[in-house]
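Peer 1: Got a structure for you, written out below as structure tokens; questions coming shortly.
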Amino acid sequence: MVDWVVFDDLMKDYTMLDDIPVTSLPRHDDYQRTADWLLSHTKQRPLVGIICGSGLGLLADTLKAQDSFPYAEIPGFPQSTVQGHAGRLVFGELKGRSCVCMQGRFHMYEGHSLCKTTFPVRVFKLLGVETLIVTNAAGSLADGYQPGDIMIIKDHINFPGLSGLSPLNGPNDDKFGPRFPAMSNVYDKDLRCLAMDIVKQMGLSQFVHEGVYAMVGGPNFETVSEAKLLHRLGVDAVGMSTAPEVLVASHCGLRVFGLSLITNKVVRSYDGQDQVNHEAVLEVSKMRSHSLQLLITQLVGRMDMNNNTHF
Ligand code: HPA
Numbered sequence: 002m003v004d005w006v007v008f009d010d011l012m013k014d015y016t017m018l019d020d021i022p023v024t025s026l027p028r029h030d031d032y033q034r035t036a037d038w039l040l041s042h043t044k045q046r047p048l049v050g051i052i053c054g055s056g057l058g059l060l061a062d063t064l065k066a067q068d069s070f071p072y073a074e075i076p077g078f079p080q081s082t083v084q085g086h087a088g089r090l091v092f093g094e095l096k097g098r099s100c101v102c103m104q105g106r107f108h109m110y111e112g113h114s115l116c117k118t119t120f121p122v123r124v125f126k127l128l129g130v131e132t133l134i135v136t137n138a139a140g141s142l143a144d145g146y147q148p149g150d151i152m153i154i155k156d157h158i159n160f161p162g163l164s165g166l167s168p169l170n171g172p173n174d175d176k177f178g179p180r181f182p183a184m185s186n187v188y189d190k191d192l193r194c195l196a197m198d199i200v201k202q203m204g205l206s207q208f209v210h211e212g213v214y215a216m217v218g219g220p221n222f223e224t225v226s227e228a229k230l231l232h233r234l235g236v237d238a239v240g241m242s243t244a245p246e247v248l249v250a251s252h253c254g255l256r257v258f259g260l261s262l263i264t265n266k267v268v269r270s271y272d273g274q275d276q277v278n279h280e281a282v283l284e285v286s287k288m289r290s291h292s293l294q295l296l297i298t299q300l301v302g303r304m305d306m307n308n309n310t311h312f
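Below you can see the structure in the form of structure tokens.
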């Protein structure tokens with residue numbers, strides 16, 4: 002089993018990809034052992050996995066027939082350190098469909114390696130999950146977006162990935178997926194259309210957009226020049242998570258759907274007085290989290306099951 006404390010200690014001196022001690026990376030057995038433990042502690046057999054972003058963990062509390070496990074109790078599972086991220090895995094039903102929900106995710110900026118932040122996704126796969134729903138808090142760059150709006154993620158730009166930081170670095174595990182996974186069609190089109198349909202029925206169209214998410218490393222928010230750069234690149238919303246989990250999910254054949262809750266506008270002018278801060282991000286998350294929960298609940302209730310063409 003991976004001892005994450007020893008693992009972190011080993012990894013801290015390795016900045017060059019060539020130097021990563023491959024023997025210390027998690028192996029298929031490590032994911033399997035965690036999945037087996039969970040399967041022996043719950044009767045739920047989830048087909049949907051949900052990762053709750055900053056302040057969006059309340060969705061997990063709405064699951065029926067819950068079994069929940071603090072991360073610290075799950076063998077081999079990493080631990081979360083961020084305020085607003087409870088750190089539990091919650092199994093239960095949404096609209097009668099079995100789900101597993103991460104209440105609290107792992108971020109690169111906490112000092113975790115990317116294979117650690119994405120460890121739960123491969124565990125989901127081994128639990129039998131077929132569809133991954135990711136949510137996050139994000140700052141907006143698109144002109145028409147307001148704090149409190151929701152963005153259905155159409156595509157992403159993975160800045161850490163573009164500069165060589167990938168959870169797939171190291172030997173490829175063919176049992177999970179191919180060495181060179183395609184990423185040109187990751188956010189499932191049918192689920193995006195279904196979500197838009199639900200949004201219309203809920204009367205939320207004016208608050209919901211479809212757009213491009215960019216992941217930056219954080220933990221700092223953007224400088225004005227960085228914000229201008231992201232805007233010119235066509236980024237609609239920026240955050241500090243999601244891309245690694247989506248990459249690993251797509252690699253192992255999970256169908257992916259993603260939502261960003263817009264918590265702030267990213268400052269793009271030197272004259273602006275507004276300064277974004279983490280408390281404001283959590284405050285807006287709380288304000289709109291109910292709509293986001295309803296949207297996800299409806300989506301889970303109406304999505305096709307066993308229709309995953311990614312295998
Ligand atoms: N930038 C990066 N990450 C974020 C932001 C932001 O403005 N808001 C919430 N997460």
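Just so we're aligned, residue 2 is where the sequence shown starts under my numbering, counting upward by one.
Glycine included, every Cβ here is placed at the ideal spot set by N, Cα and C.
Is the CB-CB distance between residue 247 and residue 156 below 8 Å?
Peer 2: Taking 8 Å as the Cβ cut-off, residue 247 and residue 156 do not qualify as a contacting pair.
Peer 1: Over the uninterrupted beta strand (DSSP E) stretch that includes residue 266, give me the two end residues.
Peer 2: It spans 256-266 - the beta strand (DSSP E) in which residue 266 sits, taken as one unbroken run.
Peer 1: Since I believe residue 197 is in contact with residue 216 (beta carbons under 8 Å), could you give me their beta-carbon distance rounded to a whole number of angstroms?
Peer 2: About 23 Å; that fails the 8 Å criterion.
Peer 1: Is the Cβ-Cβ distance between residue 129 and residue 46 less than 8 Å?
Peer 2: Contact flag set, yes.
Peer 1: Under the rule that 16 or more other beta-carbon atoms within 10 Å means buried, what is residue 289, buried or exposed?
Peer 2: Per the 10 Å Cβ criterion, buried.
Peer 1: Would you say residue 264 touches the ligand HPA, meaning its beta carbon is less than 7 Å from a heavy atom?
Peer 2: True, at least one ligand heavy atom lies under 7 Å from that Cβ.
Peer 1: Just to check, is the beta-carbon of residue 280 closer than 7 Å to a non-hydrogen atom of the ligand HPA?
Peer 2: Result no, Cβ not under 7 Å from the ligand HPA.
Peer 1: Determine, using beta-carbon pairs with one atom in the stretch 59-67 and one in the stretch 250-266, whether at least three such pairs fall under 8 Å.
Peer 2: The answer is no - the stretch 250-266 does not touch the stretch 59-67, with fewer than three Cβ pairs under 8 Å.
Peer 1: With DSSP as the reference, label residue 136 as helix, strand or coil.
Peer 2: In this structure, residue 136 counts as strand in the three-state DSSP scheme.
Peer 1: Just to confirm before moving on: does the CB-CB distance between residue 228 and residue 268 stay below 8 Å?
Peer 2: For residue 228 and residue 268, yes; Cβs fall inside 8 Å.
Peer 1: Just checking residue 203 against the ligand FAD - is the residue's beta carbon closer than 7 Å to any of the ligand's heavy atoms?
Peer 2: Of the ligands this structure carries, namely the ligand HPA, none is the ligand FAD.
Peer 1: Could you tell me if residue 127 is buried or exposed, where buried requires 16 or more neighbouring beta carbons within 10 angstroms of its beta carbon?
Peer 2: When all chains shown are included, residue 127 counts as buried.
Peer 1: Residue 71 to residue 43, Cα distance in whole Å?
Peer 2: Residue 71 and residue 43: Cα-Cα distance of roughly 14 Å.
Peer 1: Given the structure, does residue 241 come close to the ligand HPA, in the sense that its CB is under 7 Å from one of the ligand's heavy atoms?
Peer 2: Yes, the beta carbon of residue 241 sits closer than 7 Å to at least one heavy atom of the ligand HPA.
Peer 1: Put residue 94 into one of helix, strand or coil per three-state DSSP.
Peer 2: DSSP places residue 94 in strand when its eight states are reduced to three.
Peer 1: Is residue 284 near the ligand HPA, with its Cβ less than 7 Å from a heavy atom?
Peer 2: Every heavy atom of the ligand HPA is 7 Å or more from the Cβ of residue 284, so no.
Peer 1: Since residue 259 and residue 146 should fall inside the 8 Å C-beta cutoff, what is the C-beta to C-beta distance between them, to a whole number of angstroms?
Peer 2: The Cβ separation is near 16 Å, so there is no contact.
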